[in-house]
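Encoded as structure tokens, the structure appears first; notes follow it.
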Amino acid sequence: MAKKEGEWAFPVEMRPRPEEWRFDLDAALDSVVGLRAEIPEDAFTAPILGTERGGSGVVIRDDGLVLTIGYLITEASTIWLTTNKGTVAGGFPIAFDQTTGFGLVQPLGKLGVKPLARGSAQACRVGENVVMAGHGGRAHALKASVFAKREFAGYWEYVLDEAIFTAPAHPQWGGAALIGADGKMLGIGSLLVQEKIDAGTIQGNMIVPIDLLAPIVEDMVKLGRPNRLPRPWLGLYVTESGSRLVVAGLAPGGPAEKAGVHVGDVVVEVGGAEPSSLANLFRRIWATGNAGVGVALKIMRERASKEFFVRSADRSDFLKKPHLH
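As structure tokens, this is what we get:
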């Protein structure tokens with residue numbers, strides 16, 4: 000049968016084969032659903048993340064609760080979930096956690112999908128063979144291996160103490176399931192990354208470890224967010240340029256922009272101390288207190304030193320909240 004326009008599949012040699020694994024591969028892959036979200040054009044995240052977002056999610060409970068990566072559903076007005084067997088249901092975005100990056104969607108109809116058991120990323124070793132599974136069964140599942148487990152810092156004020164990195168890269172990584180050798184979920188796909196390895200580079204995926212979900216999942220379902228005070232957010236998009244921490248962008252109307260910080264500024268101090276890395280910069284900001292606290296920044300701008308007092312905010316206050324129709 001000819002493929003429809005837009006369809007794709009991994010070459011057979013790149014896909015996992017059932018006989019290579021000690022679990023029911025197809026049953027595990029059927030737990031991964033397709034996710035499509037529509038976001039209003041005036042949403043805060045629309046200019047960066049777009050108004051149409053697509054990826055995957057994983058059914059994690061008998062009631063059909065779907066775990067995905069949060070940026071797919073942030074400010075979504077409409078969500079559609081699709082199973083490998085073609086069942087389609089609407090979904091409601093019940094929670095997004097800024098700290099981990101996880102998002103939860105409750106289906107508004109029966110998906111008829113068994114949940115995928117959660118494992119532990121702690122038990123996953125570098126060099127281990129894994130399956131990176133997007134929605135679409137074996138054709139969209141990739142044989143991969145773990146090439147690193149380490150800290151990750153994202154320019155959008157995001158840090159993981161230990162992320163999982165896999166290769167080769169899955170082209171539809173967002174919300175994809177990382178499945179370990181025991182058939183249990185190890186994490187959720189978040190990013191495409193390019194890493195320097197020896198003399199060359201390798202493309203892979205960054206995975207948010209599933210272990211971060213257990214302490215917060217019940218609160219996320221009941222409250223729409225984890226039951227902890229929100230971190231201070233500055234709306235400061237920073238990148239590492241050699242040893243310098245350079246402001247590469249600013250959230251429109253965010254605290255840093257309002258305080259007068261400019262793109263191209265170099266952050267040299269937070270609260271009187273010099274940050275040693277991107278992750279250390281964000282940790283120093285978060286250590287000042289909860290959302291709303293003032294954060295002292297020292298900036299270098301065209302060889303001149305400037306000091307700013309930035310009144311932080313709760314990032315979620317800038318986002319559209321979901322409405323159940």
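Heads up: the sequence shown runs through residues 0 to 324, numbered per numbering that gives the first Met the number 0. We put the CB at the ideal spot given by N, CA and C, even for glycine.
State the beta-bridge partners of N128 as determined by DSSP.
Taking the sequence shown and counting its residues from 1, the one referred to as residue 128 is at position 129. Note: N128 sits in a beta bridge opposite S144.
Please report how far the alpha carbon of G90 lies from the alpha carbon of F146, in whole angstroms.
-> Working through the sequence shown from its first residue, we reach residue 90 at position 91. Working through the sequence shown from its first residue, we reach residue 146 at position 147. Computed Cα separation, rounded: 34 Å.
Alpha carbon of R283 to alpha carbon of S276, nearest angstrom: Position 284 of the sequence shown, counted from the first residue, corresponds to residue 283. Position 277 of the sequence shown, counted from the first residue, corresponds to residue 276. Distance between the alpha carbons of R283 and S276: 10 Å.
First and last residue of the alpha helix (DSSP H) that includes A175? Here residue 175 refers to the residue found at position 176 when the sequence shown is read from its first residue. Premise fails: A175 is in no alpha helix (DSSP H) and is neither H nor E.
Compare the Cα-Cα distances from P167 to each of G199, L141, Y154 and D181 and report the closest residue. One-based indexing of the sequence shown puts residue 167 at position 168. It is L141 whose Cα lies nearest to the Cα of P167.
Can you tell me whether DSSP reads S275 as helix, strand or coil?
Taking the sequence shown and counting its residues from 1, one reaches residue 275 at position 276. Note: S275 maps to coil in three-state DSSP.
Check your understanding: Apart from the five residues on each side of it in sequence, which residues of its chain come closer than 8 Å, Cβ to Cβ, to E306?
Key -> Looking up residue 306 in the sequence shown gives position 307. Result list for E306: A295, L296, K297 and I298, in chain order.
Worksheet item: Under three-state DSSP, which class holds W232?
Response: Within the sequence shown, residue 232 is the residue found at index 233, counting from 1. DSSP places W232 in strand when its eight states are reduced to three.
- Query: Going by C-alpha distance, which of A26, I47, V112 and E51 is nearest L64?
  - Reply: Numbered from 1 along the sequence shown, position 65 holds the residue referred to as residue 64. That would be V112, whose Cα lies nearest to the Cα of L64.
Worksheet item: DSSP on L318, reduced to helix/strand/coil?
Response: What you label residue 318 is simply residue 319 of the sequence shown in a count that begins at 1. In this structure, L318 counts as coil in the three-state DSSP scheme.
**Report entry** Which listed residue (I59, I93 and G33) has its alpha carbon closest to that of W172
**Finding:** Against the sequence shown, residue 172 aligns to sequence position 173. For W172, the nearest C-alpha among the options comes from G33.
Q: Spell out a yes or no on whether the stretch 90-101 and the stretch 117-128 are touching, meaning 3 or more CB-CB pairs, one atom from each, closer than 8 Å.
A: no
Fill in: Beta carbon of V125 nearer than 9 Å to that of L159
Counted from its first residue, the sequence shown places residue 125 at position 126. Counted from its first residue, the sequence shown places residue 159 at position 160. Cβ atoms of V125 and L159: not closer than 9 Å.
Exercise for the section: Compute the distance between the beta-carbons of I38 and G53, then report whether it is under 9 Å. Expected result: What you label residue 38 is simply residue 39 of the sequence shown in a count that begins at 1. What you label residue 53 is simply residue 54 of the sequence shown in a count that begins at 1. Taking 9 Å as the Cβ cut-off, I38 and G53 do not qualify as a contacting pair.
task: Could you tell me whether the Cβ atoms of S315 and G293 are closer together than 9 Å?
output: Taking the sequence shown and counting its residues from 1, the one referred to as residue 315 is at position 316. Taking the sequence shown and counting its residues from 1, the one referred to as residue 293 is at position 294. In this structure, G293 does not lie closer than 9 Å to S315 by Cβ.
* To do: For G223, collect the residues of the same chain with a Cβ closer than 7 Å to its Cβ; drop the 5 residues on either side in sequence, then sort them by chain order.
  => The residue given as residue 223 occupies position 224 in the sequence shown. Closer than 7 Å at Cβ, skipping near neighbours: I93 and A94.
Inset, instruction - Could you tell me whether any non-hydrogen atom of the ligand COA is closer than 8 Å to the CB of E37? - result: By its list of ligands, the structure shown contains no ligand whatsoever, and the ligand COA lies outside what it can speak to.
* To do: Report, in whole angstroms, the separation of the C-beta atoms of V58 and L115, which I expect to be a contact under 8 Å.
  => Against the sequence shown, residue 58 aligns to sequence position 59. Against the sequence shown, residue 115 aligns to sequence position 116. Indeed, because the Cβ distance is near 7 Å, the residues count as touching under 8 Å.
- Is the CB-CB distance between A180 and E127 below 9 Å? Counting from one through the sequence shown, the residue named residue 180 turns up at place 181. Counting from one through the sequence shown, the residue named residue 127 turns up at place 128. Yes, the Cβ-Cβ distance between A180 and E127 is below 9 Å.
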